[in-house]
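Written out below as C-alpha cells is the structure these notes cover.
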Amino acid sequence: MRINLNDLRTALNRHFNLLNDKEDERTVIEQVKGSIAFRGTNLWILMFAILIASLGLNVNSTAVIIGAMLISPLMGPIIGMGLSVGISDFDLLKQSLKNYGIATLISVLTATLYFFISPLSEARSELLARTFPTLYDVLIAFCGGAAGVLALTTKSKGQVIPGVAIATALMPPLCTAGYGLATAQWSYFFGAFYLFFINTVFIALSTFLGVKLLRFHSHSNLMPELAKRGKRLVTAVVVATMIPAAVLTVDIVKKDILARNMKAFVDHELAQSGTQIISFSTEYDTLRVVAVGRVISEAEIQDAQAHLANYKLRGLTLSVIQGADAEGIENLAATFNSRVNAANDEMLRLGMQVSTLEEELSAYRSYEQLSMSLAQEAEPLFPQVTNIDIARVKEGTAAIVTLRKGARFTAAEQQKMHRWLTARIGEENIDIIVR
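Quick note: to get my numbering, add 6 to the position in the sequence shown (first position is 1).
So this is what it looks like as C-alpha cells:
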C-alpha cells in the first residue's frame with residue numbers, strides 16, 4: 007500500500023496543530039497579569055497554603071500536601087516570566103520577577119516560623135523526598151509547565167492547571183527549605199531550594215517555548231544583538247540549572263546498576279540449597295554478604311571471587327559473613343531484637359488505645375441505660391419532666407432535664423431533683439440543665 011506524503015502531512019497537521027485552538031492573545035496576557043500580583047487575598051492564600059503544606063510534611067500526609075498544592079497561587083509569576091520573555095514584554099518580566107521574589111520570601115519565612123514552633127521536628131519521608139533533586143524533576147517540571155501553558159493559551163483548558171500544580175510541586179520544596187532554616191540543616195535548605203529553582207526555570211522555559219510555538223506577537227522590537235544576548239542568557243541559566251541535577255542523577259543510576267549487578271552475582275554465585283542470603287552491600291572496596299544456614303565453603307567463596315569481573319564488580323573483595331561468624335550472629339541478633347522490640351511497643355500502644363476506647367464505649371452505654379431508667383423513675387416524682395439524659399462532662403456529671411411544653415421547674419424542685427439524683431447515682435457533683 008503506497009502512502010501519500012501530502013495526505014499524511016495533512017492528517018498530522020489536522021490532529022496536532024495547536025493554532026486552530028489558540029486563545030486570544032490579549033485574553034491570555036490579561037489572565038497571566040491578574041495571577042502575578044501578591045497582595046491582599048492572594049498573599050493570605052499563599053501563606054495558608056504554605057502552612058497547610060508544612061503541616062502535611064510534618065505529619066507525613068500526602069493528601070494534605072496535595073490539597074496545599076491545589077490552592078497555591080505560586081504558578082502565576084513563574085508563567086508570567088516565561089510569557090514575558092516569549093513576547094519581549096519587559097514590564098511584565100519586571101513585575102513577574104518582583105512578585106516571584108516576594109512570594110518566595112514570604113513562603114520560606116512562613117514555613118520557617120511554623121517549623122520553628124512545631125513540636126514535631128523529625129524529618130519524615132515526604133519531607134526528605136524534596137531534598138535530593140535529579141534530572142527526573144527537571145523532566146517533570148518541563149512537561150508539567152508545557153501542559154500548563156497549553157491549557158492557558160488554548161480554548162480547550164479542561165482540568166489541566168490543578169494537575170500541573172500537583173505534578174510540579176512548587177509548595178513542598180519551599181516548606182522543606184523553611185524546615186532546613188528552622189532546624190539549621192543546611193543540606194535540606196539548599197537541596198529543597200534547588201528543587202524549587204529547577205521547577206521555576208523549567209516551567210518558565212516550557213512557557214517560553216509554548217508561546218513561541220503558538221506564535222504570540224512580540225511587544226517590542228529588539229536589536230538583533232540584544233535578542234541574541236537574551237537567548238544566550240536563557241540557555242546559560244537552563245544549562246547551569248541542569249548540571250547539578252545531571253550529576254546527582256548519574257550517581258543514582260550508578261548506584262542502581264551496582265545494586266542490580268550485586269544481586270545478580272549473589273543469586274548466581276552464592277545462592278544454594280539450605281543457605282539464605284540475609285543482606286549484601288558494599289563498604290569501601292569490599293562486597294559484604296551476610297548468609298545463614300548451610301555454610302558456603304572457602305573454595306566456593308574463592309570461585310565466586312574469581313567471577314566478580316563477569317558482573318562488572320571488578321576491584322571488589324568478597325567477604326562472606328556466615329552463621330558461624332560471631333560478628334555476623336551478633337549483628338543479626340541485634341537487628342532481630344530491635345525489630346521485635348519495636349513490634350512489641352507498637353502492639354502495646356495499640357492495646358492501650360483499644361482498652362481506652364472500650365472503657366469509653368462501656369461508660370457511654372452505662373450512661374445511656376441509666377438515663378432510660380431515671381426517666382421512668384422520675385415520672386411520678388416530677389410530672390412536668392418528660393426525659394432525663396445523663397452525660398459525663400469535664401467537671402463531673404450533667405443531667406439534661408426536658409420539660410413538657412409550658413411546664414415550669416422551680417428552684418425548689420431543682421434542689422429536690424439534685425438530692426434525688428445524688429442519692430440515685432451516688433455522685434455529688436451533678437449539674438442540672440433544664441430545657
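Where is the CB? At the ideal position from N, CA and C, for every residue including glycine.
- Counting along the chain, Val298 sits inside the beta strand (DSSP E) bounded by residues 292-299.
- Counting along the chain, no beta strand (DSSP E) covers Thr140, and no H or E run does either.
- Going by beta carbons, Tyr142 and Asn64 fall outside the 9 Å limit.
- The three-state reading of DSSP puts Ser224 in coil, since its state is none of H, G, I, E or B.
- A straight-line Cα-Cα distance of about 31 Å links Ile85 and Ile258.
- It is roughly 6 Å from the alpha-carbon of Ala251 to the alpha-carbon of Pro139.
- Under the 10 Å beta carbon count, Leu363 is surrounded by fewer than 16 other beta carbons and is classified as exposed.
- If you draw a straight line from the Cα of Met81 to the Cα of Thr247, it comes to about 19 Å.
- With the rule of 3 Cβ pairs closer than 8 Å, the stretch 179-186 counts as touching the stretch 198-206.
- When His274, Leu57, Thr47 are compared, the shortest CA-CA separation from Met75 is found for Leu57.
- The DSSP-derived three-state label of Lys28 is strand.
- When only Cα atoms are considered, Val296 and Glu289 end up about 13 Å apart.
- In terms of Cα proximity to Ala405, the closest of Ala413, Asp97, Gln421, Ser285 is Gln421.
- Between the alpha carbons of Ile112 and Gly184 lies a gap of roughly 10 Å.
- As DSSP reads the structure, Thr288 sits in a beta bridge with Leu293.
- If you draw a straight line from the Cα of Gly107 to the Cα of Leu99, it is about 12 Å long.
- Between Val91 and Val240, the C-beta spacing is below 9 Å.
- Using a Cβ distance threshold of 9 Å, Thr118 and Ala188 count as a contacting pair.
- Comparing alpha-carbon positions, the option among Tyr194, His274, Ala417, Leu89 lying closest to Leu220 turns out to be Leu89.
- DSSP places Ser212 in the uninterrupted alpha helix (DSSP H) bounded by 192-219.
- Here Leu176 is near Ser78, since their CB atoms are less than 9 Å apart.
- The beta carbons of Leu103 and Pro125 sit no closer together than 9 Å.
- In the structure shown, Asn393 adopts extended strand secondary structure according to DSSP, grouped into three states.
- When the five nearest sequence neighbours on each side are left out, the beta carbons in the same chain lying within less than 6 Å of the beta carbon of Val440 are those of Val407, Phe415, in order along the chain.
- In terms of Cβ geometry, Thr292 and Gln311 do not form a close pair [threshold 9 Å].
- Rounded to whole angstroms, the separation of the alpha carbons of Trp192 and Gln101 is 30 Å.
- Of all alpha-carbon atoms in Leu427, His274, Ile284, Gly321, the one lying nearest the alpha-carbon of Glu306 is that of His274.
- Beta-bridge annotation (DSSP): Thr408 is paired with Asn393.
- Around the beta-carbon of Asp95, 16 or more other beta-carbon atoms lie within 10 Å, marking it buried.
- Counting other Cβ atoms within 10 Å of its Cβ, Val346 stays below 16 and is therefore classed as exposed.
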